[in-house]
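*Asks:*
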Amino acid sequence: MAVSDAARAAGFIEKTAELTVAAGAAPGGASLVGLTRDQLKDSLAAIGVPERELKMRVAQLWHWIYFRGARDFAEMTNMGKELRAKLAAAYTLARPQVVSEQVSKDGTRKWLIRMASTGPLDKGAEIECVYIPETDRGTLCVSSQVGCTLTCSFCHTGTQRLVRNLTSAEIVAQLIVARDAIGDWPGATPPEGAFVPNDGGRFVSNIVFMGMGEPLYNTDNVVTAIEVMSDGEGLTLSRRRITVSTSGVVPQMERLGAEANTMLAISLHAVRDELRDELVPINRKYDIAQLLDACRAYPGLSNARRITFEYVMLKGVNDSDADARKLVQLLKGIPAKINLIPFNPWPGSKYECSDWERIERFSEIVYRAGYASPVRTPRGRDILAACGQLKSETEKLRARARMMAEQGIGAEGVYAVGNGE
Ligand code: SAH
Ligand code: SF4
Numbered sequence: 363m364a365v366s367d368a369a370r371a372a373g374f375i376e377k378t379a380e381l382t383v384a385a386g387a388a389p390g391g392a393s394l395v396g397l398t399r400d401q402l403k404d405s406l407a408a409i410g411v412p413e414r415e416l417k418m419r420v421a422q423l424w425h426w427i428y429f430r431g432a433r434d435f436a437e438m439t440n441m442g443k444e445l446r447a448k449l450a451a452a453y454t455l456a457r458p459q460v461v462s463e464q465v466s467k468d469g470t471r472k473w474l475i476r477m478a479s480t481g482p483l484d485k486g487a488e489i490e491c492v493y494i495p496e497t498d499r500g501t502l503c504v505s506s507q508v509g510c511t512l513t514c515s516f517c518h519t520g521t522q523r524l525v526r527n528l529t530s531a532e533i534v535a536q537l538i539v540a541r542d543a544i545g546d547w548p549g550a551t552p553p554e555g556a557f558v559p560n561d562g563g564r565f566v567s568n569i570v571f572m573g574m575g576e577p578l579y580n581t582d583n584v585v586t587a588i589e590v591m592s593d594g595e596g597l598t599l600s601r602r603r604i605t606v607s608t609s610g611v612v613p614q615m616e617r618l619g620a621e622a623n624t625m626l627a628i629s630l631h632a633v634r635d636e637l638r639d640e641l642v643p644i645n646r647k648y649d650i651a652q653l654l655d656a657c658r659a660y661p662g663l664s665n666a667r668r669i670t671f672e673y674v675m676l677k678g679v680n681d682s683d684a685d686a687r688k689l690v691q692l693l694k695g696i697p698a699k700i701n702l703i704p705f706n707p708w709p710g711s712k713y714e715c716s717d718w719e720r721i722e723r724f725s726e727i728v729y730r731a732g733y734a735s736p737v738r739t740p741r742g743r744d745i746l747a748a749c750g751q752l753k754s755e756t757e758k759l760r761a762r763a764r765m766m767a768e769q770g771i772g773a774e775g776v777y778a779v780g781n782g783e
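In the working numbering, the protein residues as written are 363 to 783.
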């Protein structure tokens, strides 16, 4: 296993991975989908669009790609034929490929998405993305990495050995894929029988970074993706409806607040360092006290803008009355919401979910202390789409990735991490 020196010094095991790849090239040219305004500008300049036109052309592309969901340059009728032909010769509007879609009894949808290949030996990394419709909102749970370098003991993603960061375009593309699939563009309609919100708003109204990966180990790309997703002339998601969930990468929290200004969720899961060290091993690097200090410093907190603390209910591990009392005591003074998450088992997991009566009792103590403590109803359990159950098919690429690593060509592809089995 590759272990960084810093991690070793902290006595904390962290898988390492080569974490950056260039935006993937789709057949027939690179896709413009997911790019920032600056990247679009460079793409236009590269095919000879004159400097004086660039701003206007970027605005036009932006509108077609992000407001209308265009899939073909031919639709872009306010651009000249010649330019459209040039664009089509050099680029595509291809989305990452949807390998499979599963629809739960409760309307939740899970997509397995294959990203464009990053080199001759890369078949394309696969990630999962989940759509959770309710009557008054539609939440998209996006991934920020392929797998996760952290190894929280109750999380399926943490057992995945292949890890790389997603580019900002790959993060944005998840929203585009979701909007395509549920007909969330002007003039489009949802598929027959689909469950979508009926309050007249967008079908995807909220984004949570609670899919695969630790978003604050990929802060640059996450912040850039949020810029694109929240742009008022394109995808128009409100930053207040975007939540970034972190296991506690303390040094990056301030940056997230300053640059992305989204809502924050913390995967707390334990109230004593000894236990949190085991459940959420990054705690050995940044302990509970440091984590809560960083929470207190998060900009813009108020009663209307609270931090969500996630707490997974593990039978006999973290679910006692004393744990509940300690939890409310720890959070004193922080505008907070507490989300109790029933543990979602996965094949081979060593924990069980707390009994219902225990969860109710825990919730009661938290409630009496003044916190609304909704127990998050697991959604999409029948399709293994619930929190912490995502683990992609990319695992199958392990042998290939090992080969790439051995040949020293991993920097442009996917790395194998793990115990070298
Ligand atoms: N890496 C980030 C975001 C992804 S995980 C983080 O850890 O915050 C999203 C949430 O699901 C986290 O709170 C995580 O701790 C929780 N989770 C992971 N595995 C789970 C499981 N098996 N059952 C319930 N929740 C789980
Ligand atoms: Fe990674 Fe979050 Fe899973 Fe921990 S809970 S292993 S940080 S995805």
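The C-beta atom is built at its ideal place from N, Cα and C for all residues, glycine as well.
Just to confirm the assignment: which complete beta strand (DSSP E) runs, minimum length 3, are found wholly within the region 467 to 553?
*Replies:* The region 467 to 553 contains these whole beta strand (DSSP E) runs: 471 to 476, 488 to 495, 500 to 503, 524 to 527.
*Asks:* What residue range does the alpha helix (DSSP H) around THR586 cover?
*Replies:* As a first step, residue 586 is located in the sequence shown; it is residue number 224 there, counting from the start. Unbroken alpha helix (DSSP H) run through THR586: 581 to 591.
*Asks:* Give every residue of the same chain whose Cβ lies closer than 7 Å to the Cβ of ASP468, excluding the five residues on either side of it in the sequence, and list them in chain order.
*Replies:* Reading the sequence shown from its first residue, position 106 is the one you call residue 468. Cβ neighbours of ASP468 beyond the five flanking positions: ARG741, GLY742.
*Asks:* Mind checking which residues open and close the alpha helix (DSSP H) that includes PRO613?
*Replies:* Taking the first residue of the sequence shown as position 1, residue 613 is located at position 251. Segment 612 to 617, the alpha helix (DSSP H) holding PRO613.
*Asks:* DSSP state of LYS403, grouped into three classes?
*Replies:* Here the question's residue 403 lines up with position 41 in the sequence shown. LYS403: helix per DSSP, three-state reduction.
*Asks:* Could you say which of ALA666, ILE427, GLU726 lies nearest to ALA718 if we only look at CA atoms?
*Replies:* Translated into positions along the sequence shown, residue 718 becomes position 356. Checking the displayed sequence, the identity of residue 718 turns out to be Trp instead of Ala. Measuring from the Cα of TRP718, the nearest candidate turns out to be GLU726.
*Asks:* Consider the C-beta atom of ASN706 and the heavy atoms of the ligand SAH; say whether any pair is separated by less than 8 Å.
*Replies:* The sequence position of residue 706 within the sequence shown is 344, counting from 1. The answer is yes for ASN706.
*Asks:* Whose CA, out of GLU488, PRO709, ILE494, ILE475, lies closest to the CA of SER466?
*Replies:* Translated into the one-based positions of the sequence shown, residue 466 becomes position 104. Per the Cα distances, ILE494.
*Asks:* From what residue to what residue does the alpha helix (DSSP H) around ALA567 run?
*Replies:* In the sequence shown, residue 567 corresponds to position 205, counting from 1. Reading off the sequence, residue 567 comes out as Ser, not Ala. Unbroken run through SER567: none, as it is neither H nor E.
*Asks:* From the DSSP secondary-structure annotation, give me the bridge partner or partners of LYS699.
*Replies:* What you label residue 699 is simply residue 337 of the sequence shown in a count that begins at 1. Its beta-bridge partners are THR670.
*Asks:* Please tell me whether, using a cut-off of 8 Å, the distance from the CB of VAL612 to the nearest non-hydrogen atom of the ligand SF4 is below it.
*Replies:* Position 250 of the sequence shown, counted from the start, is the residue given in the question as residue 612. No; taking the cut-off as 8 Å, the Cβ of VAL612 has no heavy atom of the ligand SF4 nearer than that.
*Asks:* Quick one: give me the first and last residue of the beta strand (DSSP E) that ILE604 is part of.
*Replies:* Within the sequence shown, numbered from 1, the residue matching residue 604 stands at position 242. Where ILE604 is concerned, the enclosing beta strand (DSSP E) stretches over 604 to 608.
*Asks:* How about ASP498 and GLY563: do their beta carbons lie closer than 9 Å?
*Replies:* As a first step, residue 498 is located in the sequence shown; it is residue number 136 there, counting from the start. As a first step, residue 563 is located in the sequence shown; it is residue number 201 there, counting from the start. Yes, the Cβ-Cβ distance between ASP498 and GLY563 is below 9 Å.
*Asks:* Hey, quick one: how far does the alpha helix (DSSP H) through VAL420 stretch, first residue to last?
*Replies:* Position 58 of the sequence shown, counted from the first residue, corresponds to residue 420. Per DSSP, VAL420 belongs to the alpha helix (DSSP H) from 413 to 424.
*Asks:* When we look at the beta-carbon of ILE544 and count the other beta-carbons within 10 Å, is it buried (16 or more) or exposed?
*Replies:* Residue mapping note: residue 544 aligns to position 182 of the sequence shown, counting from 1. So ILE544 ends up on the buried side.
*Asks:* Just grab the DSSP bridge partners of VAL737 for me.
*Replies:* Numbered from 1 along the sequence shown, position 375 holds the residue referred to as residue 737. LEU702, per the DSSP bridge assignment.
*Asks:* According to DSSP, VAL679 sits in a beta bridge with which residue or residues?
*Replies:* Sequence index remark: in the sequence shown, residue 679 carries index 317 (1-based). VAL679 is not bridged to any residue.
*Asks:* Between LEU790 and the ligand SAH, is there a pair consisting of the residue's CB and a ligand heavy atom that are separated by less than 8 Å?
*Replies:* Because the chain here runs from 363 to 783, residue 790 falls outside it and cannot be looked at.
*Asks:* Which of the three DSSP states, helix, strand or coil, is assigned to ILE644?
*Replies:* As a working mapping, residue 644 is identified with position 282 in the sequence shown. ILE644: helix per DSSP, three-state reduction.
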